[in-house]
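Protein chains: 2
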Amino acid sequence: MGDRQAIGVGLLGLGTVGAEVYRLLQDGDALARAAGRPVVVKRVAVARPDRPRQVSVPAGVLGSNGLEIVTSPEIDIVVELIGGIEPARSYLLRALSSGKSVVTANKALLAAHGVELFAQAESSGAHLYFEASVGGGIPLIKPISESLVAARLQAITGILNGTTNFILTRMAHEGWSFEDALAEARRRGFAEADPADDVDGHDAAAKLAILATVAFRRHVRGVDVYREGISRITPRDFIYAKELGFGIKLLAIARIHDGEVEARVHPALVPLDHPLALVPDEFNAVLVEGADVGRIVFSGRGAGGAPTATAVVGDILAVARHLAAGVRGRSLIGAGTGTRVRPIEDVVVPYFLSLQVIDRPGVFARVAAAIGEEQVSIASIVQKSRGEVAEAILVTHDAPERAIRRVQDRLRALGVVKAISNVIRVEGSV
Amino acid sequence: MGDRQAIGVGLLGLGTVGAEVYRLLQDGDALARAAGRPVVVKRVAVARPDRPRQVSVPAGVLGSNGLEIVTSPEIDIVVELIGGIEPARSYLLRALSSGKSVVTANKALLAAHGVELFAQAESSGAHLYFEASVGGGIPLIKPISESLVAARLQAITGILNGTTNFILTRMAHEGWSFEDALAEARRRGFAEADPADDVDGHDAAAKLAILATVAFRRHVRGVDVYREGISRITPRDFIYAKELGFGIKLLAIARIHDGEVEARVHPALVPLDHPLALVPDEFNAVLVEGADVGRIVFSGRGAGGAPTATAVVGDILAVARHLAAGVRGRSLIGAGTGTRVRPIEDVVVPYFLSLQVIDRPGVFARVAAAIGEEQVSIASIVQKSRGEVAEAILVTHDAPERAIRRVQDRLRALGVVKAISNVIRVEGSV
C-alpha cells in the first residue's frame with residue numbers, strides 16, 4: 001500500500017465524540033505535519049453500522065467488528081470511545097498485548113482496571129494515552145505528568161463533573177431545590193435519564209482516581225475514593241453557607257501524606273475567595289498544589305463532543321510522533337496496587353453543622369459543651385430563632401471524621417436537638 | 001566514565017532559578033526514574049565563581065567558562081538561565097549547532113531571536129524547550145503546543161506580568177495611585193530598581209510573542225507586539241470602570257484572523273465576570289480560545305525561583321527522555337518570519353473614554369455627535385457634574401483604532417471638551 005508509511009488508526013465507537021474525532025482526522029495535511037507521518041483512519045467499528053451518523057464514513061472503513069480493529073496489522077493506534085467496562089477492557093488488553101498503542105476517553109475503565117491496562121502497556125512497550133478521560137478539552141494529564149513532573153504535587157482539588165456543578169450553581173443563584181435544578185439540567189441535556197452517575201459522585205470519583213494516579217505516580221482506583229453525592233444539599237444550606245462566607249461545590253479532593261493517599265468526592269463548603277468557589281455552571285476546574293509551585297488552576301468546559309475530541313486527537317498525534325520516532329511506551333506510574341488509602345474516619349477537615357434546637361436559655365451552652373467533649377472546637381456560629389425551634393449553624397475547626405460522628409451521637413442524645421439538618425465538610429481553612 | 005550512559009547537563013547561570021534547578025537536579029534516583037537514564041550536572045558556569053551561592057557546587061563542576069559548556073562533549077543539554085541577549089544568544093546557537101539540546105527560560109532572547117534559534121535547532125535535530133520562559137511554573141508551552149495541537153486556537157489573552165498585576169490590584173482595592181502601588185511592589189521585591197521592563201509592557205510583550213508563536217505555529221516576535229504600559233492609569237479610571245461593571249488589567253492579547261496575527265499589550269477594561277478580571281496580586285493567568293474547545297484558563301504564580309525551576313526541570317526531563325529514546329528534535333513552528341501582523345490602527349475593540357467637558361446644556365449632544373460622525377457608536381455613558389466642569393465617561397461599541405484617533409481630534413476641536421483624561425481599550429463585548 002502506498003501509505004504503509006502512514007500511522008493506521010482504528011476507531012471503536014462513533015458517537016458524539018467519535019464523530020468529531022473522525023472529522024478532525026480528515027485534515028490529512030495538518031496531521032502529517034504535526035505527527036511527522038500521515039495519520040489515516042483505517043477502520044471504524046460501531047455496534048450498528050446501518051444507523052445514520054453525523055459523519056459519512058466510507059463503506060470499506062465502517063464496520064461492526066471491534067475485534068478485527070484490535071488485531072489487524074494495519075492498525076497502529078486503537079482509539080476507544082465506546083465507554084463502559086466490557087467489551088472495552090478486553091479489546092484494549094488485546095490491542096496492548098499485541099503492541100498496539102491505545103488512546104481512550106474511558107474514565108470508568110481506567111478507574112476500575114487501570115492497573116492491568118498500564119501493566120500490559122508497559123510490558124508491551126505500547127503507549128496508553130487518556131487525556132480525554134478527565135476534563136474534556138482541558139489539558140490535565142500531560143501537564144500534570146510531564147510539565148509538573150518535578151513539582152512534587154501534594155494535593156488536587158477539582159470540580160470534575162459539569163452536571164452537578166450546573167445544579168449547584170442554579171441552587172446557589174436561583175434558590176432552587178436540588179430536584180428543580182436537576183430537572184433544569186435534564187432539560188438542557190446535561191443530565192442523563194439516570195443521573196446517579198453524576199449526582200452520586202461516581203463520575204467525579206473515577207476522574208479523581210485517574211488524576212491522583214498521575215499526580216502521585218501510584219495507582220489510585222475508583223474504589224479507593226470515598227464518595228458522597230449532592231442530593232441532600234438544600235437551598236437553606238446555601239443561604240447559611242453564604243452568610244458565613246462560603247459557597248457549596250461538589251469537590252474531588254486527593255492528597256498525599258507520607259505515601260498515604262486521601263481521596264474523596266463530596267459536597268463541600270468553599271470560602272468565596274477560593275479559586276474554585278466561582279467556577280460556574282457546567283464548567284470544570286482543577287487546582288493542583290505543591291510546595292514548589294504553589295497553586296495552579298486549569299479550567300474550562302469539561303465535556304462536550306468537540307472539546308473532548310480535540311483532546312483525543314492531541315493524544316493520537318502525540319502517540320503518532322512517538323511511533324514515527326520509534327519510541328517505546330513507558331509508564332511513569334509504579335506497578336501494583338499497594339497504595340495505602342487513608343480511611344475516611346481519619347480524614348481531618350472543618351465541618352459545617354446545621355442543627356434544629358429547642359429555643360430556650362441554656363440550650364446552646366449544652367450543644368457547645370457536647371461538641372467540646374469530643375475535642376472539637378467551634379470556629380463560628382449563627383443562631384436563628386424561628387419560634388419554638390431555633391436553627392444553629394456551626395462551623396468547626398479541623399476535626400477528624402470519627403470525632404464528628406461521635407459529636408452527632410452526643411447531640412442526638414441531648415434531647416434539646418430536634419434534628420441535625422445537615423453535616424457538610426469544609427474545604428480550605430476556616 | 002562510569003556514567004557515560006548518563007545525560008550530561010551544563011548550567012549557564014546560578015541565580016535564584018539556577019540554584020533551585022541545581023538543587024532539584026541532585027535527586028538522582030527520581031530523575032533517573034523519570035528520564036529513563038541518569039541525569040547529571042557536569043558543569044555550571046557563572047560570571048563570578050568565587051561569590052557565595054545558595055547551593056554548594058563542587059569545585060570541579062563550578063567554573064566561569066560558558067563556552068566550554070556549550071562545546072564540551074560530555075554535555076548533552078545546555079540549560080540557559082543567564083538571561084539577556086548576549087552572550088546567551090551566541091552560546092545557544094553554538095550549543096544547538098553542535099547538536100546539543102537547549103532548555104531556556106530566556107523570554108527576551110526567544111522574543112528577539114527565536115526565529116534563528118528554532119531554525120538552528122531544527123537543522124541540527126536538537127531539542128529547544130522553553131516552558132519556564134512564560135508563566136513561571138504554570139504549564140503553558142507544552143499544553144498549548146501538544147495537548148491543544150488539534151484545537152485550532154484563535155486567541156490568547158493573558159495576564160503575563162506579576163508586577164503590573166500586583167500594582168493594578170492595589171490600585172483597584174486600595175485606591176492607591178500608580179506611583180504608590182509601584183513603591184509598594186518595590187518594597188515587596190516584585191519590581192526591579194528600573195521598573196520599565198514590567199510597567200511599560202516589555203516583559204509581557206516578549207511572553208506574548210512566545211505564546212502566540214506556539215499557539216498559531218508561526219513566528220511572532222517581540223517587535224510585532226504593539227505595546228502600552230500602565231503608568232497613565234489613575235485611581236479615578238478604576239472608579240468609573242467599576243461603575244460600568246469593569247476592572248482594569250494589563251492584558252496581553254493575540255488573535256489570528258485568516259493568517260494575519262494581531263498582538264498587543266496594553267491596559268484594558270475587563271468585564272467583572274471575565275475569567276481574568278479577578279486574577280489577584282502577582283498571579284498570572286492565560287485564557288486560550290478556540291472554536292472547538294471554548295475557553296480554557298491556566299493560572300498560578302507566574303514567577304519565583306522555585307516554581308520556575310520546576311518548569312526548567314520538567315523540560316530537562318522531557319529532553320532527557322527524548323535523548324534516551326534517540327528522538328531528534330523537530331519544531332512544530334514553520335520556518336521564516338513571514339507572519340503578517342495587523343497594524344494597531346486596524347485593530348477593532350470597544351473603547352472607554354474619560355472626558356472633562358464644560359457643564360452646560362447641549363454639550364453632551366455635541367460630544368455624541370462628534371463621535372457619531374466617525375461611525376463610532378456609544379454603548380454606555382456616565383456623566384458627573386463637578387461644578388463648571390463635568391466628567392463624561394463613555395464606552396463605545398467596537399471601533400477601529402484609526403476611528404478613535406479621529407474621534408479624539410474632533411473632540412479636541414470642539415471647544416467644549418476641556419481634556420481627554422484617558423482612552424483605554426475594552427476587552428470582551430460591551
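In order, the protein sequences belong to chains G and Z.
The opening residue of the first sequence carries number 1 in the UniProt record's numbering; numbering runs sequentially from there.
The opening residue of the second sequence carries number 1 in the UniProt record's numbering; numbering runs sequentially from there.
All residues carry an ideal CB built from backbone N, CA and C; glycine is no exception.
Closer than 7 Å to chain G by CB, residue i
{"i": "Z/Lys107", "result": "no"}
{"i": "Z/Leu81", "result": "no"}
{"i": "Z/Ala365", "result": "no"}
{"i": "Z/Ala59", "result": "no"}
{"i": "Z/Ile7", "result": "no"}
{"i": "Z/Gly18", "result": "no"}
Closer than 7 Å to chain Z by CB, residue i
{"i": "G/Ile138", "result": "yes"}
{"i": "G/Ser354", "result": "no"}
{"i": "G/Thr310", "result": "yes"}
{"i": "G/Val149", "result": "yes"}
{"i": "G/Leu24", "result": "yes"}
{"i": "G/Ala34", "result": "yes"}
{"i": "G/Arg4", "result": "Only weak support is given to the placement of G/Arg4: the predicted model assigns it a pLDDT of 47, under 50, and the value that follows is read from those uncertain coordinates. False, the Cβ-Cβ gap to chain Z never drops below 7 Å."}
{"i": "G/Gly13", "result": "no"}
Burial state of residue i (16 or more Cβ within 10 Å)
{"i": "Z/His202", "result": "buried"}
{"i": "Z/His257", "result": "exposed"}
{"i": "G/Ile210", "result": "buried"}
{"i": "G/Ala413", "result": "exposed"}
{"i": "Z/Ile253", "result": "buried"}
{"i": "Z/Gly415", "result": "exposed"}
{"i": "Z/Ser101", "result": "buried"}
{"i": "Z/Gln26", "result": "exposed"}
{"i": "Z/Lys384", "result": "exposed"}
{"i": "Z/His173", "result": "exposed"}
{"i": "G/Gly162", "result": "buried"}
{"i": "G/Glu373", "result": "exposed"}
{"i": "Z/Asn418", "result": "For the sequence presented, residue 418 of chain Z should be read as Lys rather than Asn. With fewer than 16 other Cβ atoms within 10 Å, it is exposed."}
{"i": "Z/Ile7", "result": "buried"}
{"i": "Z/Pro58", "result": "exposed"}
{"i": "Z/Leu117", "result": "buried"}
Contacts of residue i in chain A (Cβ-Cβ under 7 Å)
{"i": "G/Glu146", "result": "Among the protein chains in the structure shown, which are G and Z, there is no chain A."}
Endpoints, the beta strand (DSSP E) within which residue i is located
{"i": "Z/Val78", "result": "Ile77 to Glu80"}
{"i": "Z/Gln154", "result": "Leu153 to Ile159"}
{"i": "Z/Leu353", "result": "Tyr351 to Ile358"}
{"i": "Z/Ser421", "result": "Val417 to Val426"}
{"i": "G/Glu131", "result": "Run containing G/Glu131: none; DSSP gives neither H nor E here."}
{"i": "Z/His257", "result": "Phe246 to His257"}
{"i": "G/Arg328", "result": "Unbroken run through G/Arg328: none, as it is neither H nor E."}
Span of the alpha helix (DSSP H) around residue i
{"i": "G/Thr310", "result": "Gly305 to Ala325"}
{"i": "Z/Lys42", "result": "Segment Val39 to Ala45 is the beta strand (DSSP E) holding Z/Lys42; no alpha helix (DSSP H) there."}
{"i": "G/Glu68", "result": "Gly66 to Thr71"}
{"i": "G/Pro267", "result": "Element bounds for G/Pro267: not the alpha helix (DSSP H) but the beta strand (DSSP E), Glu260 to Pro271."}
{"i": "G/Ile167", "result": "Gly162 to Glu174"}
{"i": "Z/Glu388", "result": "Z/Glu388 -> no alpha helix (DSSP H), and no H or E assigned at all."}
{"i": "Z/Lys242", "result": "Pro235 to Glu243"}
{"i": "Z/Glu146", "result": "Segment: none, Z/Glu146 is in no alpha helix (DSSP H) and carries neither H nor E."}
{"i": "Z/Gly28", "result": "Gly28 to Ala35"}
{"i": "G/Phe178", "result": "Phe178 to Arg187"}
{"i": "residue 431 of chain Z", "result": "For residue 431 of chain Z there is no data in the structure shown, the boundaries of chain Z being 1 and 430."}
Supposed contact pair residue j and residue i - C-beta distance, whole angstroms, cut 8 Å
{"i": "Z/Val41", "j": "Z/Val9", "result": "5 Å"}
{"i": "Z/Gly294", "j": "G/Gly300", "result": "6 Å"}
{"i": "G/Ile344", "j": "G/Arg410", "result": "Actually they do not touch by this definition, with Cβ atoms about 20 Å apart."}
Quick one: which residues of the region 234 to 262 of chain Z get their C-beta closer than 7 Å to a C-beta of chain G? List them in chain order. none
Residues of the region 292 to 308 of chain G whose Cβ lies closer than 7 Å to any Cβ of chain Z, in chain order: Asp292, Val293, Gly294, Arg295, Ile296, Val297, Phe298, Ser299, Gly300, Arg301, Ala306 and Pro307
Within 8 Å of chain Z by C-beta, residues of the region 324 to 346 of chain G in sequence order: Ala325, Gly326, Val327, Arg328, Arg330 and Leu332
Contact residues within the region 107 to 132 of chain Z, judged by C-beta distance below 8 Å to chain G: Glu131
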